[in-house]
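Notes follow once the structure below has been shown.
There are 2 protein chains.
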Amino acid sequence: MKTVYERADVVPLLAEIFRELGYEGTSLSRITERTGLGKGSLYHFFPGGKEEMAGAVLADIDAWFEQAIYRPLRQDDARQAIAAMWVNVNDYFRSGRRICLVGAFALDDTRERFSAAIGDYFIRWIGALRSALSRAGCSDEEAQTLAEEGVAGIQGALVLARALGDEMIFTRSLETLAKRFEAATR
Amino acid sequence: MKTVYERADVVPLLAEIFRELGYEGTSLSRITERTGLGKGSLYHFFPGGKEEMAGAVLADIDAWFEQAIYRPLRQDDARQAIAAMWVNVNDYFRSGRRICLVGAFALDDTRERFSAAIGDYFIRWIGALRSALSRAGCSDEEAQTLAEEGVAGIQGALVLARALGDEMIFTRSLETLAKRFEAATR
DNA sequence: AAATCATTGTACCAAACGGTACAAGAATTA
DNA sequence: TAATTCTTGTACCGTTTGGTACAATGATTT
Chain F
571 MKTVYERADV
581 VPLLAEIFRE
591 LGYEGTSLSR
601 ITERTGLGKG
611 SLYHFFPGGK
621 EEMAGAVLAD
631 IDAWFEQAIY
641 RPLRQDDARQ
651 AIAAMWVNVN
661 DYFRSGRRIC
671 LVGAFALDDT
681 RERFSAAIGD
691 YFIRWIGALR
701 SALSRAGCSD
711 EEAQTLAEEG
721 VAGIQGALVL
731 ARALGDEMIF
741 TRSLETLAKR
751 FEAATR
Chain P
571 MKTVYERADV
581 VPLLAEIFRE
591 LGYEGTSLSR
601 ITERTGLGKG
611 SLYHFFPGGK
621 EEMAGAVLAD
631 IDAWFEQAIY
641 RPLRQDDARQ
651 AIAAMWVNVN
661 DYFRSGRRIC
671 LVGAFALDDT
681 RERFSAAIGD
691 YFIRWIGALR
701 SALSRAGCSD
711 EEAQTLAEEG
721 VAGIQGALVL
731 ARALGDEMIF
741 TRSLETLAKR
751 FEAATR
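Order-wise, the sequence lines are chains F and P.
In terms of the numbering used here, the first sequence is residues 571 to 756.
In terms of the numbering used here, the second sequence is residues 571 to 756.
Structure below.
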């Protein structure tokens with residue numbers, strides 16, 4: 571028996587599984603089959619079972635967005651951070667081939683289990699984006715409206731891209747949003 | 571034993587259950603408990619089981635959107651039909667308390683089962699909206715972009731409203747979109 | 001009223017579910 | 001090397017899953 575994995579190595583694998591199958595659709599047998607880890611290992615790393623696994627995935631996602639998206643929006647040059655956001659988001663979601671797990675969890679009953687993490691994720695995204703827009707010259711009201719429109723637009727573009735099996739519509743939607751932001755901050 | 575229900579009476583009940591729990595999260599026991607119908611009745615109306623139930627729900631949704639949203643957008647006065655769309659969509663989704671089942675199905679593996687119906691729903695919505703925008707004076711390119719932005723914006727607003735447990739953000743997002751459309755069609 | 005058809009509740013099925021127990025092997029420390 | 005801790009595979013648990021069979025009752029037709 572080998573000691574190959576650490577908890578941190580498993581989380582990204584779990585993330586991909588939850589993304590594809592959803593919370594209820596992800597069974598322990600699918601997890602063992604796709605991670606190669608038996609139930610022994612799984613319950614050793616995540617004593618709380620499936621719920622703890624999904625929780626760890628959400629925390630991991632949150633940490634990534636915090637450092638790659640939110641913090642730059644709050645601290646760095648506003649226009650540059652916004653421009654970087656479009657690029658990073660397009661990469662992160664693989665041009666729409668990958669979905670937003672937080673958004674997906676929000677849509678069904680799974681939300682009840684993780685409402686705090688789900689709410690936080692979007693509150694902080696909108697807040698960080700609003701901060702950047704304010705610094706870039708938008709009025710408070712305009713910054714709030716535009717920030718909500720941007721985040722909602724990304725989530726909607728993911729739905730559309732998956733529904734139509736079309737990556738181009740995702741990238742195109744981001745470009746449209748980017749243009750709106752540029753028009754409002756010059 | 572009574573003969574109360576018809577197939578058509580069950581479909582809206584099923585729709586609400588699938589909306590709340592998702593496809594995988596919806597078990598036959600939850601269905602029997604919330605519809606009051608035993609497995610006997612259920613499999614009598616839907617011999618194909620859960621998949622046929624969800625298929626019937628999607629067909630029902632599609633029919634509603636066709637008559638209430640798409641057809642007016644294609645046939646009636648363009649500006650009026652667009653204005654009516656925002657109102658009808660806000661009502662249909664109960665200000666964001668209700669989600670779009672088609673969008674939710676698109677996000678996870680459930681898409682594989684119903685990809686044709688899911689794709690159709692969004693293609694026809696975008697197409698109808700583009701038609702109205704064109705008739706209202708938009709260029710072909712602008713109409714396409716704006717139609718995609720509108721449908722994506724609605725889907726994203728549903729995600730946000732559910733994630734934040736906030737109805738106002740949904741209604742507010744629709745108003746923002748409506749203003750964009752008005753600015754582009756005058 | 002007899003016969004037919006539509007509807008329904010109950011009992012049942014094998015398979016899969018999430019989770020637990022635990023002994024045995026690996027890695028680390030003493 | 002001995003003791004200890006960290007990992008892992010396997011077997012097992014009770015429950016729930018989607019689905020089937022079928023008899024019994026309701027409504028409808030003849």
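Glycine is no exception: its CB is placed at the ideal position from the N, C-alpha and C atoms.
- Straight through space, the alpha carbons of Arg589(F) and Gln645(P) are spaced by roughly 39 Å.
- Measuring C-alpha to C-alpha distances from Leu607(F) to each of Glu594(F), Ala626(F), Arg694(F) and Leu584(F) identifies Leu584(F) as the nearest.
- Restricted to the region 605-647 of chain F, the alpha helix (DSSP H) segments that are unbroken, complete and at least 4 residues in length are 609-615, 620-635 and 641-645, listed in chain order.
- Around Thr602(P), no beta-carbon contact reaches into chain F at under 7 Å, the shortest distance being about 18 Å.
- When Cβ-Cβ separations below 7 Å define contact, Ala733(P) makes contact with chain F.
- Membership of Gly726(F) in the alpha helix (DSSP H) is indicated by the continuous run Asp710 to Leu734.
- When only Cα atoms are considered, Thr680(P) and His614(P) end up about 24 Å apart.
- Look at the beta carbons and you see the region 736-744 of chain P touching the region 705-723 of chain F: at least three pairs across the two are nearer than 8 Å.
- In the three-state scheme derived from DSSP, where H, G and I count as helix and E and B as strand, Tyr575(F) is classed as coil.
- Looking at the backbone, the Cα of Arg705(F) and that of Ala654(F) are separated by about 16 Å.
- For Thr680(P), the enclosing alpha helix (DSSP H) has its first and last residue at Thr680 to Arg705.
- Take the alpha-carbon of Arg667(P) and the one of Ile724(P): they are about 13 Å apart.
- Membership of Thr596(F) in any alpha helix (DSSP H) is not indicated, and neither H nor E is assigned to it by DSSP.
- Scanning chain P for C-beta atoms nearer than 8 Å to the C-beta of Ser743(F) yields Glu718, Glu719 and Ala722, reported in chain order.
- Within its own chain, the residues whose Cβ lies closer than 7 Å to the Cβ of Arg649(F), once the five positions on either side in sequence are excluded, are Ala706 and Thr755, listed in chain order.
- Put simply, the CB of Leu607(P) is far from chain F, with every gap to its CB atoms at 7 Å or more.
- Phe663(F) is outside the set of residues whose beta carbon lies under 7 Å from a beta carbon in chain P.
- Here Pro642(P) is buried: its Cβ has 16 or more other Cβ atoms, across all protein chains shown, within 10 Å.
- The C-beta of Gln725(P) comes closer than 7 Å to at least one C-beta of chain F.
- Shortest Cα-Cα distance from Ala626(P) to any of Ser611(P), Ala578(P) and Ser701(P) involves Ala578(P).
- Counting the other Cβ atoms within 10 Å of the Cβ of Met623(F) gives 16 or more, which makes it buried.
- For the options Ile652(F), Asp736(F) and Gly735(F), the alpha carbon positioned closest to that of Ile696(F) is the one of Ile652(F).
- Around the beta carbon of Asp678(F), 16 or more other beta carbons lie within 10 angstroms, which makes this residue buried.
- Take Leu591(P), set aside five residues on each side of it, and the residues of its chain with a beta-carbon closer than 7 Å to its own are Arg600, in chain order.
- Taking the CA atoms as reference points, Arg694(F) sits about 18 Å from Tyr662(F).
- In the structure shown, Phe675(P) adopts helical secondary structure according to DSSP, grouped into three states.
- Think of a sphere of 9 Å around the beta carbon of Phe751(F): no beta carbon from chain P falls inside it, the nearest being about 13 Å out.
- Across the set Ile587(F), Leu598(F), Tyr575(F) and Phe635(F), the C-alpha of Leu598(F) shows the shortest separation from the C-alpha of Gly618(F).
- If you check each beta-carbon in the region 675-707 of chain F against every beta-carbon of chain P, the ones closer than 9 Å belong to Phe675, Ala676, Leu677, Asp678, Asp679, Thr680, Arg681, Ser685, Ile688, Gly689, Tyr691, Phe692, Ile693 and Ile696.
- Under the Cβ criterion of 7 Å, Glu594(P) is counted among the residues facing chain F.
- Rounded to whole angstroms, the gap between the alpha carbons of Gly673(F) and Leu671(P) is 14 Å.
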